[in-house]
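Note sheet for the following structure.
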Amino acid sequence: MKRPSHKELYKKILEARKAVANGLINLINQDAIVCDAIELGYLIELDLIGVLTSLLNEITPNNYAGKRPPEKSYERQIEDLDLFAFRVESSWFNCTVYLKFTLYNNELWIVSLHRNREKRGVP
Numbered sequence: 071m072k073r074p075s076h077k078e079l080y081k082k083i084l085e086a087r088k089a090v091a092n093g094l095i096n097l098i099n100q101d102a103i104v105c106d107a108i109e110l111g112y113l114i115e116l117d118l119i120g121v122l123t124s125l126l127n128e129i130t131p132n133n134y135a136g137k138r139p140p141e142k143s144y145e146r147q148i149e150d151l152d153l154f155a156f157r158v159e160s161s162w163f164n165c166t167v168y169l170k171f172t173l174y175n176n177e178l179w180i181v182s183l184h185r186n187r188e189k190r191g192v193p
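To convert a position in the sequence shown, counted from 1, into this note's numbering, add 70.
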C-alpha cells in the first residue's frame, strides 16, 4: 500500500487540530509565510490560529496534494520528517489554499500556507 493511507492522513489532521488548539504552532521560513499571509489578507499575530482552525476543519484526507510516499523535510528544525500537503477550498479566504505541514513533539510545523498556485490542468 502506498503511503500515506487515508487513515494516516486522518490521524495527521487530528493531530494538527490538537496542536493548534494547544497553541503549539511553529513557522518554517517565516519571511515567506508572512509574504503569503499579506497576499491572503490576514495578520499572523491576530489570525493564524483562526485561519489554521478553519483550514484544518475543512481538510479531509481527500484533499491530500502531497507525494506518495510523503516528501521529507530538508529544513534543519524538522529534517527528515514527512511533509503533508493539502489543497482545500477555504471558506475563510474564499479561494483554494495550499497548506504543507509536519508534526514533531506534538507541535505543528507550517512549511507552506498560501493561495494555491497550481495551474489548472498542470500537475
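Cβ coordinates follow ideal geometry from the N, Cα and C atoms, glycine included.
Cutoff 7 Å; reference residue i; Cβ partners in own chain excluding five residues on either side
i       : result
Asp-152 : Pro-140, Lys-142, Thr-172
Phe-163 : Leu-110
Residue i - DSSP class collapsed to helix/strand/coil
i       : result
Tyr-144 : coil
Arg-129 : Just to set this straight, residue 129 is Ile in the shown sequence, not Arg. Coil at Ile-129, not helix or strand.
Arg-73  : coil
Glu-188 : coil
Leu-183 : strand
Neighbourhood of residue i by C-beta distance below 8 Å, restricted to the same chain and skipping five residues each side
i       : result
Thr-166 : Arg-157, Val-158, Glu-159, Ser-160, Arg-185, Asn-186
Glu-177 : Ala-89, Leu-94, Ile-95, Asn-96
Glu-109 : His-184, Arg-185
Leu-104 : One point to set straight first is that residue 104 is Val, not Leu, in the sequence displayed. Ile-114, listed in sequence order.
Tyr-168 : Ala-135, Ala-155, Phe-156, Arg-157, Ser-182, Leu-183, His-184, Arg-185, Asn-186, Arg-187, Glu-188
6 Å Cβ shell around residue i - same chain, five flanking residues per side excluded
i       : result
Ile-180 : Leu-97, Phe-171
Ala-107 : Ile-114
Beta-bridge pairing of residue i - partner residues as DSSP gives them
i       : result
Cys-105 : Per DSSP, none; premise fails for Cys-105.
Leu-178 : Ile-95, Leu-173
Endpoints, beta strand (DSSP E) assigned at residue i
i       : result
Ser-161 : That residue, Ser-161, is in no beta strand (DSSP E); it is neither H nor E in DSSP.
Asn-96  : 95-97
Leu-169 : 165-174
Quiz item: So does the segment 122-141 actually touch the segment 99-106, counting three or more Cβ pairs closer than 8 Å?
Solution: Between the segment 122-141 and the segment 99-106, the count of C-beta pairs closer than 8 Å stays below three; the two stretches do not touch.
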